[in-house]
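Chemist: Pasting a structure below so you can have a look.
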């Protein structure tokens, strides 16, 4: 069965520092991969997605993610974090024709001034 | 214009009551979903409908009954509410079933059962 692991439950960074949130998935074929952000009390906003093609994907708010098949990873990065990036980040995977979006357990990002 | 809208945003009710959550999307998508986010923020799919037809029904108590009057609407009715039903319920839509397009989520309905 497909699964998604986000090893870091909670990350704290200083404003202006770089950020990398880790995501590993488990599936034999190439999955469709997503990163969502959830601000406190808000819904889920799509940051970026990977279906195929270029393994480095650009998203909104200055985020990017890189798909590495050999490591079964899809890590999210941002070169310089802003205080408004503090939120919960979810990695998710779906596989063609299953139509189930499977989420990781989330990583809570705190940003200090 | 909200793409996927859910009502109500907050719902507080007593155990044993019956309640409904409504969802509407104006994206012209064929497929709609209900997800549940528990107190630990874990998100899990409950149901999906494609063109008013149920295609995914996860292991959900039969007190939960989705209804799709048309492909733009997917409502969730919950009978005999229990304390454990307290969660945030998210509606989502996708252009079509299959997972290869992406998903748009509503802002969630926070259900509290007391």
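Protein chains in written order, with my numbering: chain B, 26 to 138; chain L, 2 to 115.
Glycine residues also receive a C-beta, built at the ideal position from the N, C-alpha and C atoms.
(1) Distance, Cα to Cα, residue 30 (chain L) vs residue 21 (chain L)?
(2) Enumerate in chain order the residues of its own chain whose CB-to-CB distance from residue 83 (chain L) is below 7 Å, with the five nearest sequence positions on each side excluded.
(3) Measuring only the C-alpha atoms, how far is residue 68 (chain B) from residue 42 (chain L)?
(4) May I have a chain-ordered list of the beta strand (DSSP E) segments no shorter than 3 residues that lie completely inside the segment 41-110 of chain L?
(5) What does residue 94 (chain B) pair with, by DSSP beta-bridge criteria?
(6) Check whether the Cβ of residue 93 (chain B) lies closer than 8 Å to any Cβ atom in chain L.
(7) Can you check whether the C-beta of residue 130 (chain B) is within less than 8 Å of a C-beta belonging to chain L?
(8) If we count Cβ pairs, one from each stretch, closer than 8 Å, do we get three or more for the segment 45-59 of chain B versus the segment 83-101 of chain B?
(9) Find the nearest neighbour of residue 86 (chain L) within the set L:36, L:27 and L:25, judged by alpha-carbon distance.
(10) Given this structure, state the Cα-to-Cα distance separating residue 90 (chain L) from residue 61 (chain L), to the nearest angstrom.
(11) At a cut of 8 Å, does the segment 59-79 of chain B reach the segment 106-114 of chain B through at least three beta carbon pairs?
(12) Report yes or no: is there a C-beta of chain L within less than 8 Å of the C-beta of residue 103 (chain B)?
(13) In three-state terms, what does DSSP make of residue 109 (chain B)?
(14) With a threshold of 8 Å between beta-carbons, can residue 110 (chain B) be considered close to chain L, or not?
(15) Is there a C-beta anywhere in chain B that falls below 8 Å from the one on residue 4 (chain L)?
(16) Could you check if residue 52 (chain L) belongs to the surroundings of the ligand PLP, using beta carbon to heavy atom distance under 7 Å?
(17) Can you tell which of B:87, B:86, B:93 and B:72 has the C-alpha that lies nearest to the C-alpha of residue 80 (chain B)?
(18) Taking the beta strand (DSSP E) that residue 61 (chain B) belongs to, which residues open and close that run?
Modeler: According to the structure shown:
(1) Cα to Cα, residue 30 (chain L) sits roughly 22 Å from residue 21 (chain L).
(2) The residues 16 and 114, in chain order, have a CB closer than 7 Å to that of residue 83 (chain L) in the same chain once the five nearest residues on each side in sequence are set aside.
(3) Approximately 12 Å, taken between the alpha carbons.
(4) Unbroken beta strand (DSSP E) stretches of 3 residues or longer found wholly inside the segment 41-110 of chain L: 44-51, 54-58, 65-71, 74-79 and 88-95, given in chain order.
(5) Its beta-bridge partners do not exist; DSSP assigns none.
(6) Not closer than 8 Å to any Cβ of chain L, the Cβ of residue 93 (chain B) fails to qualify, so no.
(7) Taking Cβ atoms only, chain L reaches closer than 8 Å to residue 130 (chain B), which makes this a yes.
(8) These segments touch.
(9) Measuring C-alpha to C-alpha distances from residue 86 (chain L) to each of L:36, L:27 and L:25 identifies L:36 as the nearest.
(10) Whole-angstrom Cα-Cα distance: 13 Å.
(11) Contact holds: three or more Cβ-Cβ distances are below 8 Å.
(12) Output row for residue 103 (chain B): interface = no.
(13) DSSP places residue 109 (chain B) within a helical segment (H, G or I) once states are collapsed to three.
(14) It does not; no Cβ of chain L falls within 8 Å.
(15) By this cut-off, residue 4 (chain L) is not an interface position.
(16) Ligands in the displayed structure: none, and consequently the ligand PLP is not present.
(17) The shortest C-alpha to C-alpha distance from residue 80 (chain B) to any of B:87, B:86, B:93 and B:72 is the one to B:93.
(18) Taken as a continuous stretch (DSSP letters only), the beta strand (DSSP E) holding residue 61 (chain B) covers 57-63.
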